[in-house]
Each structure stands twice: as structure tokens, then as C-alpha cells.
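Residue numbers (our numbering): 178 to 699.
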Amino acid sequence: DNHTTSPLSLSSELPYQSTRKRKVRKKKNGVITANVAGTKYEIVRVVIGEMGFVKTRDEDETANLIWSDSAVQQEKIAELRNYQRINHFPGMGEICRKDFLARNMTKMIKNQPQEYSFIPRTWIFPAEYTQFQNYVKELKKKRRQKTFIVKPANGAMGHGISLIRNGEKLQAQDHLIVQEYLDKPFLMEGYKFDLRVYILVTSCDPLKVFLYHDGLVRMGTEKYHPPSDSNLSQLYMHLTNYSVNKHNEHFERDETEDKGSKRSIKWFTEFLETNNLDVSKFWSDISELVVKTLIVAEPHVLHAYRMCRPGQAPGSDSVCFEVLGFDILLDRKLKPWLLEINRAPSFGTDQKIDYDVKKGVLLNALKLLNIRTSDKRRNLAQQKAEAQKRLYGQGSMKKLLPGSSDWEKQRHTLERRKEELKERLAQVRKQISKEEHENRHMGNYRRIYPPDDKTLLEKYESLLATAFQTFLAGRAASLQREMNNPLKGMKEEDILDLLEQCEIDDEKLMGKCSRQRGPKVL
Numbered sequence: 178d179n180h181t182t183s184p185l186s187l188s189s190e191l192p193y194q195s196t197r198k199r200k201v202r203k204k205k206n207g208v209i210t211a212n213v214a215g216t217k218y219e220i221v222r223v224v225i226g227e228m229g230f231v232k233t234r235d236e237d238e239t240a241n242l243i244w245s246d247s248a249v250q251q252e253k254i255a256e257l258r259n260y261q262r263i264n265h266f267p268g269m270g271e272i273c274r275k276d277f278l279a280r281n282m283t284k285m286i287k288n289q290p291q292e293y294s295f296i297p298r299t300w301i302f303p304a305e306y307t308q309f310q311n312y313v314k315e316l317k318k319k320r321r322q323k324t325f326i327v328k329p330a331n332g333a334m335g336h337g338i339s340l341i342r343n344g345e346k347l348q349a350q351d352h353l354i355v356q357e358y359l360d361k362p363f364l365m366e367g368y369k370f371d372l373r374v375y376i377l378v379t380s381c382d383p384l385k386v387f388l389y390h391d392g393l394v395r396m397g398t399e400k401y402h403p404p405s406d407s408n409l410s411q412l413y414m415h416l417t418n419y420s421v422n423k424h425n426e427h428f429e430r431d432e433t434e435d436k437g438s439k440r441s442i443k444w445f446t447e448f449l450e451t452n453n454l455d456v457s458k459f460w461s462d463i464s465e466l467v468v469k470t471l472i473v474a475e476p477h478v479l480h481a482y483r484m485c486r487p488g489q490a491p492g493s494d495s496v497c498f499e500v501l502g503f504d505i506l507l508d509r510k511l512k513p514w515l516l517e518i519n520r521a522p523s524f525g526t527d528q529k530i531d532y533d534v535k536k537g538v539l540l541n542a543l544k545l546l547n548i549r550t551s552d553k554r555r556n557l558a559q560q561k562a563e564a565q566k567r568l569y570g571q572g573s574m575k576k577l578l579p580g581s582s583d584w585e586k587q588r589h590t591l592e593r594r595k596e597e598l599k600e601r602l603a604q605v606r607k608q609i610s611k612e613e614h615e616n617r618h619m620g621n622y623r624r625i626y627p628p629d630d631k632t633l634l635e636k637y638e639s640l641l642a643t644a645f646q647t648f649l650a651g652r653a654a655s656l657q658r659e660m661n662n663p664l665k666g667m668k669e670e671d672i673l674d675l676l677e678q679c680e681i682d683d684e685k686l687m688g689k690c691s692r693q694r695g696p697k698v699l
């Protein structure tokens with residue numbers, strides 16, 4: 178990102194547009210194509226142009242990259258070729274719809290209450306209306322009063338949100354999400370604010386998550402006071418949504434970094450440092466919140482993805498990726514609380530700060546994805562090779578005939594073991610190659626899953642196992658077996674050791690002289 182450039186008006190004629198138009202009708206080999214008919218955001222087209230991608234016709238479904246503002250149908254994902262990329266995963270709605278997020282989080286809280294303490298207490302109406310009323314009665318007995326925030330189950334952009342203190346007035350029949358209101362937020366210059374944190378998920382098989390080390394600080398436009406009967410309707414004070422506050426006359430569109438109602442997270446971390454607050458803890462707390470939330474989504478997303486791509490080998494390139502917008506509130510102890518997740522975060526650029534941050538989010542994401550001109554050619558060659566294998570029966574193991582001897586059974590078991598190990602070795606080497614590319618092209622992203630810290634990784638894997646047991650109990654048996662496969666966490670050298678042992682055992686069975694085990698070339 179070049180922060181020194183002057184503010185750009187995206188409605189004006191941009192130089193990249195005329196050059197793109199000349200290329201629209203010419204689609205040559207050696208170019209990366211992008212279909213951006215599904216987006217209304219000009220910044221997406223700007224970034225596509227900067228990456229050197231060629232914009233295709235709106236109806237072209239063969240482009241390397243397909244960008245859509247809204248979630249896509251599973252059928253569309255199923256029809257994609259292996260060389261293509263689309264910016265949504267199936268199943269991600271399980272954490273992006275407020276009611277689904279609440280339902281899934283409640284299940285994880287029952288299993289891991291200590292690890293999932295970053296969600297305000299939540300009830301889904303009408304199903305949990307009775308539990309909510311019982312809670313209100315308990316508060317009354319203790320002479321305590323709490324404020325609740327009421328949201329439509331599938332709402333967005335602050336529409337239909339209200340605050341109440343008298344929970345008994347709520348009706349049972351409405352489809353609502355009711356949450357305890359966090360009434361002690363961290364304030365900036367007396368204003369409440371939230372953070373829009375951008376997350377890139379490049380794969381669900383295996384799960385790979387990156388956090389963008391910048392984002393937006395979105396402030397309320399009236400000074401904050403704890404909720405009371407007299408100020409409950411003052412939404413400019415209590416809500417931090419940009420879509421709400423931009424209508425207030427006090428909304429400041431200041432283009433300097435340290436002023437205005439919208440600022441950058443980069444500026445906020447500098448503010449924390451200046452006030453001797455722990456910035457590294459701030460980022461690690463945010464990272465944990467994000468990873469634990471995506472762990473809740475992973476069983477749903479992986480299951481849905483496998484349903485869409487049934488023939489795709491585990492560990493092969495994902496045709497899906499997703500840029501998510503996490504909305505996070507900090508309390509006065511700087512503890513992050515998850516408010517909601519947007520699977521179609523706005524890439525509108527009303528201000529220069531939007532342009533700078535969002536351009537960086539998109540540009541860095543596309544560099545990380547490593548879309549290459551050779552992908553299409555390689556995919557076609559692979560399809561041809563697989564068709565020949567099927568035709569001539571190559572690569573498929575001979576079936577064990579009934580009445581086979583013990584020797585034949587042992588050889589067959591060894592052959593199967595070797596095939597499994599070779600397949601896993603190829604996957605591990607492919608992942609190593611991908612990680613090397615990611616490490617060189619991360620830009621302002623940081624890989625937060627899998628983490629480098631082994632202890633943290635073990636904790637996440639334990640939570641992931643719990644999530645699979647919770648959400649896929651009695652379903653997707655093959656996924657359950659895969660999760661428990663001992664080869665899953667093995668490194669290249671360990672697999673090579675096992676392969677060599679298989680070769681030695683095979684030679685013994687064949688009556689050959691057994692060779693000494695020695696060092697292997699990695």
C-alpha cells in the first residue's frame with residue numbers, strides 16, 4: 178500500500194480502465210483472467226488491474242478468479258475446474274448468520290466454557306424465549322438490572338437493532354437475537370468504538386487462516402455514557418456501525434490518521450504503545466478469538482466443501498478462499514469480544530482510509546493465493562493423465578483374491594501401506610512448497626493457523642477434535658476417521674522413515690538381502 182498517494186475518487190475515470198477494456202475480447206494463453214461481474218466495488222477492479230489480471234466478459238465462467246459480493250450456490254462451487262478460485266466457501270454461513278453463530282457457539286461453550294468466553298451471553302428467539310425470561314426473573318430476585326441488545330436474526334448494517342432494560346416486554350414470536358449488552362467498553366476520547374479485523378481463509382482442507390495486521394477502528398459519534406432509561410434510544414452513542422453513524426451530523430470524515438470517526442488499527446496499536454499497553458497481547462488475543470471461531474466453522478465448511486468437490490484429493494489446492502470481516506469490541510480491560518462476522522465485508526471506499534486499508538487487504542490476499550498462468554495448463558494435463566490411468570488401469574492396486582496365501586496377504590498389506598505413505602508424502606511436500614511461497618508473499622498478513630507455537634497448535638487441535646465430535650456426531654464418518662489418522666500430523670522425515678521400513682519388510686518377504694538403513698535425502 179502506498180499511503181503517500183492523494184485521496185482517489187473512484188467515480189472518476191481511472192487510467193487502468195481504458196487499458197483493461199482493450200484486453201477484454203482478447204484472451205491469450207499466459208494471462209490470468211478474472212470475472213468481476215459479481216462485485217459492485219471499484220476497489221476490486223483496481224486491485225485486479227494492479228495484479229495484471231485480465232477482466233473477462235461477464236458471462237465467462239472459465240476465468241482463473243471469480244469474485245462475488247454475495248455467497249455463491251454450492252452447485253457453482255461443484256462446477257469449478259481445479260485451476261479456478263472463487264471468493265466464498267460453502268458452509269461459512271454457520272458463523273456468519275447471527276442465529277447460526279449463536280447456536281454453534283452455545284454448543285462449544287457447553288464443551289469448552291473456559292476457551293469460549295469471548296461471546297456475550299446470547300439467546301435465540303423464539304426457541305430460547307423461556308430460558309431468557311427465567312434469567313430476567315433471576316436478575317429481578319437479586320435486584321440486578323442488565324441491558325440487552327436486540328438484533329434481527331439475519332440482519333445487517335445495524336438495521337433493526339435496539340436496546341432494552343425491561344426484558345419482560347419482549348415478545349416470544351419474533352425471530353430475534355438477544356444479547357447481554359457490554360456496558361463497560363474501552364473508550365477512545367470518550368467514544369465507544371469497535372474494530373473491523375480482516376481475515377483470509379485460503380483453505381479448509383487443511384485449515385489455513387491469515388490475519389491482516391491492519392483494519393478499521395469505527396467510532397460512535399456521541400460521547401458514551403452507561404445505558405440508562407433516558408439514553409437507550411441514542412444509537413449514535415451505543416452502536417458503532419459505520420452504516421448507522423455516517424448519518425449523524427457529528428460524523429467526522431477527517432483524512433488525517435489520528436482524527437475522525439474512522440481510523441486505522443495501525444494507528445490504534447501505536448496509541449496502545451504510547452499509553453504503555455501490551456500490543457503483542459492485543460494481537461495474540463485477537464488471533465485466538467479468530468482461530469477459535471473458525472474452529473467452530475471448520476467441520477461445517479469442510480463437510481460442505483467435500484460434498485461440492487467429492488473427487489478432490491485431501492490437501493489439493495482449494496478452489497475456494499474467503500476474506501471475512503470480524504467485528505470485535507474491546508472492554509475496558511482490553512479483552513476482545515466477538516460481535517459478528519461478515520462474509521461479505523464492505524469494500525466501499527468513501528474515505529482515503531478505506532481505500533488504503535481495503536486495497537492492502539485485497540492486494541495482499543491475491544498475492545498469497547499464488548494464482549499462476551500455468552494452473553490451467555497443468556490442470557488439463559492432470560485430467561488427461563487421470564483419464565489414461567482409468568482407461569489402462571494404471572496406478573490402481575490389484576485386488577486380493579479369495580483364498581490368497583498369508584504371504585500374498587502380507588505383501589498386499591505392505592503395498593497398500595506404501596501407497597498410503599507415498600500419497601501422504603506428496604501432500605506434505607506440496608504443503609511445504611505452499612508454505613514457502615506464503616512466507617515470501619505474506620505482505621501485511623500473518624499466518625495464525627496453523628500457528629508456529631507447538632503448545633498453541635496442540636490446544637487448537639484438541640478444540641478442533643471437540644468441534645468435529647460436536648457437529649458431526651453420527652455424520653460424515655470418513656471425516657471422523659481422517660481426523661484420527663496418525664499420518665495426519667507427520668513430518669516429511671517421519672514418513673520417509675516409515676516408507677523405508679516398508680521397503681525393508683518387503684525385501685524380507687521377497688527373500689532378498691536386507692539392506693542397512695541409512696540417512697535419506699529429504
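C-beta atoms are modelled at their ideal positions from N, C-alpha and C, and glycine is treated no differently.
Span of the alpha helix (DSSP H) around residue i
i, result
"C381", "First-last for C381: 368–381, but that is the beta strand (DSSP E), not the alpha helix (DSSP H)."
"D276", "275–288"
"N425", "Counting along the chain, N425 falls outside any alpha helix (DSSP H), and DSSP gives it neither H nor E."
"K299", "The residue you asked about is not Lys; residue 299 is Thr in the sequence shown. Note, T299: premise wrong, no alpha helix (DSSP H); beta strand (DSSP E) at 299–301."
"P476", "456–485"
"S610", "583–618"
"S639", "631–648"
"L222", "Sequence inspection shows Arg at residue 222; the Leu mentioned does not correspond to that position. 219–227 is the span of the alpha helix (DSSP H), which, as asked, contains R222."
Straight-line Cα distance separating residue j from residue i
i, j, result
"L649", "P476", "7 Å"
"D360", "L347", "20 Å"
"M228", "L543", "8 Å"
"A591", "D382", "According to the sequence provided, residue 591 is Leu. The question's Ala does not apply to it. Rounded to whole angstroms, L591 to D382 spans 27 Å at the Cα level."
"K685", "R593", "17 Å"
"V468", "I625", "7 Å"
"T216", "D674", "50 Å"
"V742", "F524", "The structure shown does not extend to residue 742, since the chain is modelled only from 178 through 699, so no value can be given for it."
"N453", "L511", "13 Å"
"T233", "R258", "17 Å"
"C485", "L501", "21 Å"
"K314", "K275", "25 Å"
"G207", "K385", "28 Å"
"A255", "D682", "42 Å"
"D371", "I505", "6 Å"
"S407", "H415", "13 Å"
"R617", "W444", "25 Å"
6 Å CB neighbourhood of residue i in its chain, flanking five on each side removed
i, result
"R298", "E357"
"S245", "G215"
"C273", "I518, R520"
"K204", "At K204 the pLDDT is 47, less than 50, meaning the model places this residue with poor confidence; the figure from the coordinates comes in the next sentence. Same-chain partners within the cutoff: there are none."
"H614", "N547"
Residue i classed as buried or exposed, judged by whether at least 16 other C-beta atoms fall within 10 angstroms
i, result
"P579", "exposed"
"R199", "Because the pLDDT at R199 is just 46, under 50, the model does not fix this residue reliably, and the value given afterwards should be weighed accordingly. When all chains shown are included, R199 counts as exposed."
"K535", "buried"
"G392", "buried"
"N541", "buried"
"V456", "exposed"
"A481", "buried"
"A474", "buried"
"K599", "exposed"
"R509", "exposed"
"K369", "buried"
"P303", "exposed"
"L515", "buried"
"D630", "exposed"
Boundaries of the beta strand (DSSP E) in which residue i is found, first to last residue
i, result
"V213", "210–215"
"H390", "384–396"
"L359", "Element bounds for L359: n/a, residue is neither H nor E."
"N311", "It is not in any beta strand (DSSP E) - N311 instead sits in the alpha helix (DSSP H) that spans 306–318."
"K323", "That residue, K323, is in no beta strand (DSSP E); it is neither H nor E in DSSP."
"F140", "Outside the modelled stretch of the chain, which goes from 178 to 699, sits residue 140, for which no answer is possible."
"L242", "242–245"
"E517", "513–519"
"I625", "622–626"
Close-in-space but distant-in-sequence residues of the same chain around residue i (CB under 8 Å, 5 per side omitted)
i, result
"N241", "I209, T210, A211, F230, Y260, Q261, R262, I548, D552, K553"
"R280", "I301"
"E345", "Q310, V313"
"Q289", "L640, T643"
Any non-hydrogen atom of the ligand HEM closer than 6 Å to residue i Cβ
i, result
"C497", "With respect to small molecules bound, the structure shown includes none, and the ligand HEM cannot be examined in it."
Legend entry - At least three beta-carbon pairs within less than 8 Å, the region 310–330 to the region 340–357: The region 310–330 and the region 340–357 touch, with no fewer than 3 CB-CB distances between them shorter than 8 Å.
Legend entry - Any 3 or more C-beta pairs closer than 8 Å across the region 432–445 and the region 392–407: With a cut-off of 8 Å, the region 392–407 and the region 432–445 count as touching, because enough Cβ pairs lie within range.
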